[in-house]
Amino acid sequence: MDSKPTCITFFLMLSTVFMIISTNSGNALPTSLRSIFTANKSIIFLLIRFYFTTHESTPKLPESYIQSSDIDSKQCNLSLLESDGWFCESNSDWKRRKRIHRIQHKRNRISDDRYLFFQNNWEPTIHCQFERRIGNTGDGGKWICDVYRLRQMNATDLLIYSFGSNGDFSFEKAVKDILPKAEIHTFDMQLYECPDGICTFHQARLGNGKDDHSKSLQTVMKELGHENRHIQILKVDIEGSEYDLFENLFNLSPSNQAKLPYIRQILFEIHLHSDSIDKSIERTHELFELFRANNYVIFHKEVNLDDPRNVFEFAIIRLNAAFFTSQL
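Shown next as structure tokens:
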């Protein structure tokens with residue numbers, strides 16, 4: 110409750126009482142009491158003046174400083190619609206975000222030079238205000254967009270897949286610490302065992318599910334009974350097989366698009382192949398264009414210093430198709 114009207118009312122009431130008493134009493138009051146009333150009136154007006162001076166000089170934060178989680182949904186209907194309910198920010202800020210995305214996206218395919226390919230291509234086009242690194246500080250950790258939002262969701266919908274672990278479960282442990290009710294499934298070609306209460310381990314080779322004894326994401330979800338569920342986070346670190354996995358996932362025919370699983374965020378490590386330079390470059394460009402065609406935007410990118418020219422970490426988040434097609 111705002112205390113300002115209450116304080117002002119109190120001061121004015123006291124002032125009025127003193128004025129009434131002074132007026133009605135005339136000279137009937139002793140000189141000493143009249144002096145007290147006169148002094149108190151002066152004090153009251155000085156207090157009122159001091160109150161307004163100190164309070165009006167305190168600047169108010171502009172609306173843009175309000176955290177998105179504190180904005181009423183009516184004030185962020187556009188961002189909620191165009192981010193599939195993920196972002197909540199003022200319409201003006203959201204339109205500014207779209208302008209920045211469109212400007213940067215036009216600059217994202219600049220060079221086919223193999224030497225500094227990831228230095229020159231495919232930069233983030235959107236940012237997350239509360240982006241957070243989960244897991245190890247070095248290799249194995251991943252950046253997640255505004256992970257706190259997942260806490261606000263129905264616990265039964267927190268499905269997380271981790272493809273490729275090499276026996277390192279630091280990412281899963283960190284996610285479980287932040288999201289205790291998350292359902293985490295970890296996959297690797299080798300046989301490992303998840304720490305108790307952290308995740309469920311599955312031995313499997315991930316890929317396109319066709320000619321290399323691998324399993325596609327769709328096959329995995331069907332086997333686990335997750336066909337009708339959303340994956341909130343998909344972490345992928347499968348040493349080059351990410352191309353087969355994603356191409357199989359997103360290259361569905363238009364008639365099968367309805368079967369495409371909804372994945373909110375994809376955190377992946379990508380490797381430039383060395384077998385055919387031209388083919389590797391073109392395939393990488395096509396993969397990122399495939400992400401964009403399926404409504405994903407890049408929000409994080411970092412180099413893997415073990416192989417800085419060939420291996421990079423990316424994080425992408427899915428938005429609504431309207432984000433890319435609506436007018437500014």
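So for the sequence shown, the numbering used here puts the first residue at 110; every next one is plus one.
Even for Gly, the Cβ is constructed at its ideal location relative to N, Cα and C.
None of the values given here were measured: they were computed from a predicted structure.
Backbone CA spacing between residue i and residue j [nearest angstrom]
i    : j    : result
P171 : C185 : Caution is warranted here: a pLDDT of 30 is assigned to P171, below 50, making its placement in the model unreliable, and the coordinate value is therefore given only provisionally. Cα to Cα, the separation comes out at about 16 Å.
I372 : D193 : 11 Å
E240 : V345 : 18 Å
N419 : S182 : 43 Å
R218 : L358 : 22 Å
D321 : M298 : 12 Å
G249 : A424 : 13 Å
R316 : Y270 : Correcting the residue type first, residue 316 is Gly in the shown sequence and not Arg. Cα to Cα, G316 sits roughly 14 Å from Y270.
K319 : E198 : 43 Å
E356 : Q261 : 32 Å
L343 : L376 : 6 Å
R499 : T234 : The requested residue 499 does not occur in the structure, where the chain is confined to residues 110 to 437.
E395 : T295 : 28 Å
R208 : E391 : 27 Å
D387 : E232 : 21 Å
H311 : L437 : 45 Å
F432 : R314 : 35 Å
L225 : S323 : 31 Å
T328 : K368 : 12 Å
G306 : I347 : 24 Å
M330 : K251 : 23 Å
A402 : L189 : 20 Å
F272 : E281 : 11 Å
R338 : T434 : 27 Å
G247 : F408 : 19 Å
Nearest neighbour of residue i, chosen from the options [CA to CA]
i    : options                   : result
P370 : C197, Q341 and S389       : Q341
E398 : T246, L189 and K215       : K215
N230 : C237, F196, Q213 and T246 : Q213
D416 : A431, E391, L381 and I390 : L381
T309 : E292, S323 and T434       : E292
C237 : T328, F280 and F196       : F196
D221 : A402, S389, F400 and R401 : S389
R223 : F272, T246, T393 and L189 : T393
Contacting residues, own chain, Cβ-Cβ under 8 Å from residue i (five flanking each side not counted)
i    : result
L187 : N200, W203 and K204
F421 : F227, E378, I379, K410, E411, V412 and N413
L107 : The structure shown does not extend to residue 107, since the chain is modelled only from 110 through 437, so no value can be given for it.
Q374 : I253, C254, Q341, I342, L343, A424, I425, I426 and R427
N360 : L399
Run of the beta strand (DSSP E) containing residue i, from where it starts to where it stops
i    : result
F377 : I372 to H380
T234 : It is not in any beta strand (DSSP E) - T234 carries neither H nor E in the DSSP assignment.
Q312 : T309 to Q312
L270 : In the sequence under discussion, the amino acid at residue 270 is Tyr, which differs from the Leu named in the question. Taken as a continuous stretch (DSSP letters only), the beta strand (DSSP E) holding Y270 covers L268 to F272.
K410 : Y405 to V412
A424 : V420 to R427
R241 : R241 to I243
Endpoints, alpha helix (DSSP H) assigned at residue i
i    : result
W203 : N200 to H214
E356 : E351 to F359
D297 : From DSSP, D297 is part of no alpha helix (DSSP H) but of the beta strand (DSSP E) over E292 to D297.
K285 : S279 to I287
R218 : Run containing R218: none; DSSP gives neither H nor E here.
V329 : L326 to E332
Other residues of its chain near residue i: CB distance less than 7 Å, five sequence neighbours each side excluded
i    : result
L428 : E191, S192, D193, N404 and V406
A283 : I243 and G244
A430 : N404
Residues near residue i in its chain [Cβ-Cβ closer than 6 Å; skip 5 each side]
i    : result
L326 : L358
Minimum Cβ-Cβ distance from residue i to chain D less than 7 Å
i    : result
R241 : No chain D is part of this structure, which consists of one protein chain only.
Practice prompt. Could you tell me whether the stretch 279–294 touches the stretch 254–264, where touching means 3 or more Cβ pairs closer than 8 Å?
Written response: yes
Worksheet entry | Touching by the beta-carbon criterion (3+ pairs, under 8 Å), the stretch 351–358 and the stretch 330–341 | no
Worksheet item: When the Cβ atoms of the stretch 299–310 are set against those of the stretch 274–281, are three or more pairs found closer than 8 Å?
Response: yes
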